[in-house]
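Chains as they are written, first to last, in the numbering used here: chain Y, 1 to 248; chain W, 1 to 248. From the three backbone atoms N, C-alpha and C, an ideal C-beta is built for every residue, glycine too. Please read all numbers here as calculations on a predicted model, not as lab measurements. As C-alpha cells, the structure follows; a few thoughts come after it.
Protein chains: 2
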Amino acid sequence: MAANQSGDERRMTANPLIQRLNHAGFLSQVEQDALHALVLKSRCIQAREDIAQSRSTQTIPLILSGIACRYKFRPDGQRRIVHFLLPGDLYDLHASAHFASHWHLGALTRCQVVDVQRQALLDLAARHPGIAQGLWWATLVELEIEREWLVNDSRPADRRLGHLFCELLVRLQTIGLARDNSCDLRLTQVDLADAIAVSFVHINRIMQSLRNNNLIQCQRGYVKIIDYDRLCEFSEFDPAFLHLSKNA
Amino acid sequence: MAANQSGDERRMTANPLIQRLNHAGFLSQVEQDALHALVLKSRCIQAREDIAQSRSTQTIPLILSGIACRYKFRPDGQRRIVHFLLPGDLYDLHASAHFASHWHLGALTRCQVVDVQRQALLDLAARHPGIAQGLWWATLVELEIEREWLVNDSRPADRRLGHLFCELLVRLQTIGLARDNSCDLRLTQVDLADAIAVSFVHINRIMQSLRNNNLIQCQRGYVKIIDYDRLCEFSEFDPAFLHLSKNA
DNA sequence: CGATCAATTGATGGGCGTCAAGGACCGTGG
DNA sequence: CCACGGTCCTTGACGCCCATCAATTGATCG
Chain Y
1 MAANQSGDER RMTANPLIQR LNHAGFLSQV EQDALHALVL KSRCIQARED
51 IAQSRSTQTI PLILSGIACR YKFRPDGQRR IVHFLLPGDL YDLHASAHFA
101 SHWHLGALTR CQVVDVQRQA LLDLAARHPG IAQGLWWATL VELEIEREWL
151 VNDSRPADRR LGHLFCELLV RLQTIGLARD NSCDLRLTQV DLADAIAVSF
201 VHINRIMQSL RNNNLIQCQR GYVKIIDYDR LCEFSEFDPA FLHLSKNA
Chain W
1 MAANQSGDER RMTANPLIQR LNHAGFLSQV EQDALHALVL KSRCIQARED
51 IAQSRSTQTI PLILSGIACR YKFRPDGQRR IVHFLLPGDL YDLHASAHFA
101 SHWHLGALTR CQVVDVQRQA LLDLAARHPG IAQGLWWATL VELEIEREWL
151 VNDSRPADRR LGHLFCELLV RLQTIGLARD NSCDLRLTQV DLADAIAVSF
201 VHINRIMQSL RNNNLIQCQR GYVKIIDYDR LCEFSEFDPA FLHLSKNA
C-alpha cells in the first residue's frame, strides 16, 4: 500500500478492509475510494512482536496482512488470547480514546499494519453513512464472535479447536485468503493453546486426534482443513454468527 | 413504571437505564426526560421464563428489575450463559433488525421488563447526542465484559466464581442496588454453574470453599460478599473494564 | 403433608495440566 | 561443510481438577 499509488491502482490492490465491508454490502464506489485514501504507509511487524502496547489515542491499527491477536497476561504469566485479527480488521475502532485498556495487540505471524488516523476515519464516517454503518457492523460482529467464544469455552478441547479452525477459515474466505476449504494459518501450537485456553501439550494431542480422524491436515505450523463439513458438524460450528452479509 | 405518571413523578422514580447513563455522565436533564417517555407499560416475567425467544424487530427489551441472562443451548442440551443483564440493561440494542439470532434472553429471577419501541429509541438517539453516545457506550461496555469473561474462563473455577460475584456487585452498585459491598443476587447454583461453565455439583463445593475462607456468605440463593477487597485480589478482579465513567 | 425444587455429599473416573525429556527443523557462524 | 543454539513439535508419566452418577437432606408451597 504505497502512498503514491493512483486511485485506479489502489482500486486494483486488494484492500482487505474494503473487501470485507463490500462483501457485506455496505460501500458505494465513492465510499470505497474515500477509504482507500486513509491507507497510507504501512509498517511491518515481525511475528511475536506487539503491534500496540498501549493504545494510541490518535491512530487505529488496521491489519493488512498476517494474523494478530488481542490478548492479556494473567498475574501468573499465562496468556489468554480473546480474539484473532485478520487482514481488514481494525483494532479498538470505537473504543473511546479515554477508555483505559489493559489489552495487548500482538502479531502472531509477520504482519503489515497501517496506522489509520482516528479523526480522519471518524470524519469519513460522518460524511458517508455506508462507512459508518460498516464500521459499526464490524464491531458488532466482533461482539458476536466473543460471545461465540464463550460458548466454545464450554465445549471439550477438541471441538473447541475445530470450532476455531472453522471460524478462521470462513473469515479468511470472505476476504479472499482461503479457497477450497483450506488455508495456511502458520500459527504455532502455543498460540492456538492460548486461544482456546488449554496447555500446549494438550493442543498437540488434540491436533493429532483431529488429524487421525481426517478432519484436518497439519505440519510445521501449517494447518489445512480437509473436511470442512464434518469439522463443522463435529465442532458445532454454524457461520451464522459471523453475519457475513449486513442483512444476515 | 405506570404510563400515567407525570414528568416529575417519573423523575422521582428510579429508572435504572437513566441512572446508569447518568452515572457515566452522558445525559442532560432534557435527555433524561426524553428517555423517561419511552418507558411505558412494563410486564412481569417469572423466574426461569424466557423474556424473548426470537428477537422482535420492533421492540428492545429493557430490564427494569431482576436479573436476566443471554444464553444458548448446546446440541447436548447444556446451557451456557454468556452475559447477565441487570436493571437498566437493554437487550440487543444495536444489533441490526435483520441479524439472525440464536440467543435467548431468559429471566433468572422475577423480572420487570419494558418493550421499548426500537424506532422511537433510534429517533431519540438521532436528536440527542448524549443518548446516542450513552447507548453505544453501553454496548461497548458489554463487549468489554465478554472479553473479560473469556479471560475468566482460563482461571480455576473458584477464582472464576469470585470474579463473577465482583462484577455483579460493582454493576449493581452503579445503579444503586447494592450497598456496603454486599448484594442479594437470588441466583441459583445451577444458574451460576452455567455462567462459569462448571457443573452445579462443583459450584456447590466452590461456594463452600469461598465461604470457608470468609470471602462470601451465602444461604438459600442469597449471596453476600463479605470481603470485597480480598475477593478482588483472589479473583484477579479489576473493575476498570466496566468503564464506569465515560472517560475511564 | 406429599410434591417439587435447591442444596448437599460421596464415590468414581476422565480430561487435561504439569513436569520432563527427546526429536525435528531452522538460521547462524566457525 | 558441519557444529550450534533456538524454536517448535512430540511423547510419556503422573496427578489434580472437575464431570458424572447417585442418593440424601432441607426449604417452599399448594
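Check: Do we get a CB-CB distance below 8 Å when we pair W/R160 with the residues of chain Y?
Finding: Not an interface residue.
Check: With C-beta atoms as the reference, is Y/C166 less than 8 Å away from Y/C232?
Finding: Closer than 8 Å, so yes.
Notebook entry, point to check: Leaving out the 5 sequence neighbours to the left and right, which residues in its chain are closer than 7 Å to Y/R171 when beta-carbon positions are compared?
Noted result: Counting only Cβ-Cβ distances below 7 Å, and skipping sequence neighbours, we find L86 and L242.
Notebook entry, point to check: Can you tell me whether Y/P156 is buried or exposed, with buried defined as 16 or more other CB within 10 angstroms of its CB?
Noted result: Within 10 angstroms of the beta-carbon of Y/P156 lie fewer than 16 other beta-carbons, which makes it exposed.
Margin query: Just checking: is the beta-carbon of W/L154 within a distance shorter than 8 Å of some beta-carbon in chain Y?
Written below: In the sequence as presented, Leu is not what sits at residue 154 of chain W; that position holds Ser. Output row for W/S154: interface = yes.
Next item on the list: Report the option in W/V116, W/R20 and W/F26 whose CA atom is closest to the CA atom of W/H128.
Entry: Measuring C-alpha to C-alpha distances from W/H128 to each of W/V116, W/R20 and W/F26 identifies W/F26 as the nearest.
Check: Are there 16 or more other CB atoms within 10 angstroms of the CB of Y/A57, so buried, or fewer, so exposed?
Finding: Residue 57 of chain Y is actually Thr in this sequence, not Ala. Looking at its Cβ environment, which holds fewer than 16 other Cβ atoms inside 10 Å, Y/T57 is exposed.
Next item on the list: Give the range of the beta strand (DSSP E) segment to which Y/L85 is assigned.
Entry: Per DSSP, Y/L85 is one residue of the beta strand (DSSP E) stretching across R79 to L85.
Note to self: Just to confirm before moving on: does the CB-CB distance between W/G221 and W/R186 stay below 8 Å?
What the structure shows: Contact check for W/G221 against W/R186 passes: the beta carbons are separated by less than 8 Å.
Next item on the list: Note down, in chain order, all residues in the segment 190 to 201 of chain W with a beta-carbon under 8 Å from any beta-carbon belonging to chain Y.
Entry: For the segment 190 to 201 of chain W, residues whose beta-carbon sits nearer than 8 Å to a beta-carbon of chain Y comprise A197.
Next item on the list: Quick one: grab the DSSP three-state call for Y/I131.
Entry: Correct three-state label for Y/I131: helix.
Note to self: Contact criterion: CB-CB distance below 8 Å. Does Y/E167 meet it with respect to chain W?
What the structure shows: Cβ-Cβ to chain W under 8 Å: no for Y/E167.
Note to self: Between Y/R74 and chain W, is the shortest Cβ-Cβ distance under 8 Å, so that the two count as touching?
What the structure shows: Cβ-Cβ to chain W under 8 Å: yes for Y/R74.
Check: First and last residue of the beta strand (DSSP E) that includes W/G106?
Finding: H104 to A107 is the extent of the beta strand (DSSP E) around W/G106.
Margin query: DSSP has W/I206 in a bridge; who is on the other side?
Written below: Residue pairing by DSSP leaves W/I206 without any beta bridge partner.
Check: Which word fits W/A52, buried or exposed, when buried means at least 16 other C-beta atoms lie within 10 angstroms of its C-beta?
Finding: Taking all protein chains shown into account, W/A52 has 16 or more neighbouring C-beta atoms within 10 Å of its C-beta and is therefore buried.
Notebook entry, point to check: Apart from the five residues on each side of it in sequence, which residues of its chain come closer than 6 Å, Cβ to Cβ, to Y/H83?
Noted result: Its chain contains R70 as the residues whose beta carbon lies nearer than 6 Å to that of Y/H83, once the 5 sequence neighbours on both sides are disregarded; these appear in chain order.
Item checked: Per-residue burial, W/P75 [other beta carbons within 10 Å of its own, 16 or more giving buried] -> Exposed is the call here.
Check: At a Cβ threshold of 8 Å, is W/S235 touching chain Y?
Finding: Not closer than 8 Å to any Cβ of chain Y, the Cβ of W/S235 fails to qualify, so no.
Notebook entry, point to check: Do the segment 18 to 25 of chain W and the segment 189 to 209 of chain Y touch if we need at least three Cβ pairs shorter than 8 Å?
Noted result: Short answer: they don't touch.
Margin query: Once the 5 residues before and after Y/R211 are set aside, which same chain residues still bring their CB inside 8 Å of it?
Written below: Contacts found: Q217 and C218.
Next item on the list: Measure the C-alpha to C-alpha separation of Y/T188 and Y/E49 and round it to an integer number of angstroms.
Entry: Looking at the backbone, the Cα of Y/T188 and that of Y/E49 are separated by about 14 Å.
Margin query: Classify Y/N4: buried if its beta carbon has 16 or more other beta carbons within 10 angstroms, exposed otherwise.
Written below: Because the pLDDT at Y/N4 is just 44, under 50, the model does not fix this residue reliably, and the value given afterwards should be weighed accordingly. Exposed, because fewer than 16 other Cβ atoms sit within 10 Å of the Cβ of Y/N4.
Note to self: For W/S96, tell me which candidate among Y/V116, Y/L143 and Y/A37 has the shortest Cα-Cα distance.
What the structure shows: Ranking the options by Cα distance to W/S96, first place goes to Y/L143.
Notebook entry, point to check: Rounded C-beta distance between W/L124 and W/L38? I'm assuming under 8 Å.
Noted result: Their Cβ separation, rounded to whole angstroms, is 7 Å, which keeps W/L124 and W/L38 in contact under 8 Å.
Checklist line | Where W/M12 sits in the DSSP three-state scheme | finding: Note on W/M12: pLDDT 48, under 50, position unreliable in the model; no value is reported.
Next item on the list: With W/V39 as the anchor, note down where its beta strand (DSSP E) starts and where it stops.
Entry: Looking at the DSSP string, W/V39 is not in any beta strand (DSSP E), and its letter there is neither H nor E.
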